[in-house]
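The sequence shown begins at 18 in this note's numbering and counts up by one.
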Amino acid sequence: MRGVFQIARFAGIPVKLHWTFGLLMLWVIYASVSSGLDAIGVVLSVAIVGAIFVCVVMHEYGHALTARRFGVKTRDIILSPIGGIARLSHIPERPAHELLIALAGPAVNVVIAAVLFVVITLVEQQTPRILSAGFWSLTYEQSVLLIIAKINVFLVAFNLIPAFPMDGGRVLRALLALRFARSRATLFASYAGSVFAAAFVALGVSGNDLILSLIGIFIFFAANQERRVARTRLRLESILAGDICHRQPVLLAGDRVMHEILPHLANEQDYLVLDHTGAVMGVLFAETITDLRLGGDLLRPVRTYASPLFQPVAASDSVAALIDLFRKEGFRLVPVYDNGEMVGVVHRYQLEALLEGADPGTVAGLPATGSPASP
18 MRGVFQIARF AGIPVKLHWT FGLLMLWVIY ASVSSGLDAI GVVLSVAIVG AIFVCVVMHE
78 YGHALTARRF GVKTRDIILS PIGGIARLSH IPERPAHELL IALAGPAVNV VIAAVLFVVI
138 TLVEQQTPRI LSAGFWSLTY EQSVLLIIAK INVFLVAFNL IPAFPMDGGR VLRALLALRF
198 ARSRATLFAS YAGSVFAAAF VALGVSGNDL ILSLIGIFIF FAANQERRVA RTRLRLESIL
258 AGDICHRQPV LLAGDRVMHE ILPHLANEQD YLVLDHTGAV MGVLFAETIT DLRLGGDLLR
318 PVRTYASPLF QPVAASDSVA ALIDLFRKEG FRLVPVYDNG EMVGVVHRYQ LEALLEGADP
378 GTVAGLPATG SPASP
């Protein structure tokens, strides 16, 4: 995402701030001064907003650390004036895991609110006159804590609205995915998100609430994006690996000496490497070929340069499943098997072409990986 910069890193996860967050703080200062608050009041107003966003960061870490528990990495957490987002590497395969990840964020806010209410109650027993200052007063510490506590309660209620891609929308998708395919569940949840987004914008405009309107606009575009992705995935789920694989790929014998075959290898191409039994043992990446051309031990066998970064797939596997696999594992080239026999290979650029809307027949007819001369 553009316009962000890192401000912290906890548990190995970068926390980043969008530049528009500065505009929010300037607006808070302006609004505080305009309402007649003194310097201490302005500082407290800024501190309250800062404390609320600390709660938002903790909310996002609830998602991130729960996702880690299920083997899903978090690329980063980004804060903006309308909230935060934990960008996960991929959606967990099991709907139950997605459900728990989605609920973990609001659960953190429940804990924060409960702790603050306990603290306020304990302090009130010592000085019962303090809370009479009023909810929005910045004069007494307990009133400030009450503001933050109630806002955490609001965050729980608001985030659980079933407006995809908010937490409530993800809960809805996870529940729908227990019965329907994930892509169809995403479609249903995204339609619900668009409806709520329109309601947020309408309420924001009628109530002169800029933040609510911005949230509605964000949800609307995000829901539309998710809907496009879901439709693309539905299309890709109907295409099989056997439909797009190269049927005559160039395969390298692992026992061959590198200097014998290097002149026959194409630049910027990846190759599957076979062991002495004819089984795939690894991948010779284009970067390795380039390094060897620039200088390297060419008297060593090809197998010594093969990377184990691959996994056999079945011809009956859907392209959607392959895309998930490639993204999760970082694959670039995999062999395709049918009834125990290798029938071809699938390369990353084929999947990228399908994501861009290419026809499966066209993708299958793309130039095969490697040069036409078999080393």
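Every residue, glycine too, gets a C-beta built ideally from N, C-alpha and C.
### Query
Should Thr373 be labelled buried (16 or more other beta-carbon atoms within 10 Å of its own) or exposed?
Note on identity: in this sequence residue 373 is Glu, with Thr being the wrong assignment. A residue is called buried when at least 16 other Cβ atoms come within 10 angstroms of its Cβ; Glu373 does not meet this threshold and is exposed.
#### Entry: Simplified DSSP assignment, three categories, for Lys33
In the structure shown, Lys33 sits in a strand (DSSP, three-state: E or B).
### Check whether Gly271 and Ala323 have beta carbons under 8 Å apart
Contact check for Gly271 against Ala323 passes: the beta carbons are separated by less than 8 Å.
### Task
Below 8 Å on the Cβ atoms is my guess for Val170 versus Pro266; work out the distance and round it to an integer in Å.
The Cβ separation is near 59 Å, so there is no contact.
### Task
On a CA-only basis, which of Phe181, Val32, Leu371 is nearest Ala258? Give me that one, please.
Of the listed residues, the one whose Cα sits closest to Ala258 is Leu371.
### Query
Under a three-way DSSP split, which group does Phe213 fall into?
Per DSSP, reduced to three states, the secondary structure at Phe213 is helical.
### Query
In its own chain, which residues sit with a C-beta less than 7 Å from the C-beta of Pro182, not counting the 5 before and 5 after it?
Residues of the same chain with a CB within less than 7 Å of the CB of Pro182, apart from the 5 flanking positions on each side, are Gly210, Ala239, Ala240, Glu243 in chain order.
### Query
Counting only runs that start and end within the region 60-142, where is the beta strand (DSSP E) found for 3 or more residues in a row?
Taking only runs of at least 3 residues, the beta strand (DSSP E) segments lying wholly in the region 60-142 are 91-97, 100-105.
### Query
Terminal residues of the continuous alpha helix (DSSP H) containing His276?
Note, His276: alpha helix (DSSP H), 275-278.
### Query
Got a sec: is the Cβ-Cβ distance from Met275 to anything in chain D below 8 Å?
This model lacks chain D altogether; it includes just one protein chain.
### Query
Does the Cβ-Cβ distance between Phe70 and Leu96 come in under 8 Å?
A distance below 8 Å separates the beta carbons of Phe70 and Leu96.
### Task
Measure from the alpha carbon of Tyr208 to the alpha carbon of each residue in Phe237, Ala219, Leu231, then state which is nearest.
The shortest C-alpha to C-alpha distance from Tyr208 to any of Phe237, Ala219, Leu231 is the one to Phe237.
### Message
Using C-beta distances below 8 Å, list every residue in its chain close to Arg320, excluding the 5 sequence neighbours before and after it, in chain order.
### Response
Residues Gly271, Asp272, Val290, Asp292, Met298, Gly299 of the same chain have their beta carbon placed closer than 8 Å to that of Arg320, with the five preceding and five following residues left out of the count.
### Task
Within its chain, find whatever has a CB closer than 6 Å to the CB of Ser149; leave out the 5 residues flanking it on each side and keep chain order.
Reliability of the predicted coordinates at Ser149 is poor, the pLDDT of 45 falling under 50, and no value is obtained from them.
#### Entry: Reference Gly20; option with closest CA among Gly29, Thr37, Pro31
Of Gly29, Thr37, Pro31, the residue nearest in Cα terms is Thr37.
### Burial state of Arg250 (16 or more Cβ within 10 Å)
When all chains shown are included, Arg250 counts as buried.
#### Entry: Beta-carbon spacing of Arg190, Ala202 below 8 Å
Cβ distance < 8 Å, so Arg190 and Ala202 count as in contact.
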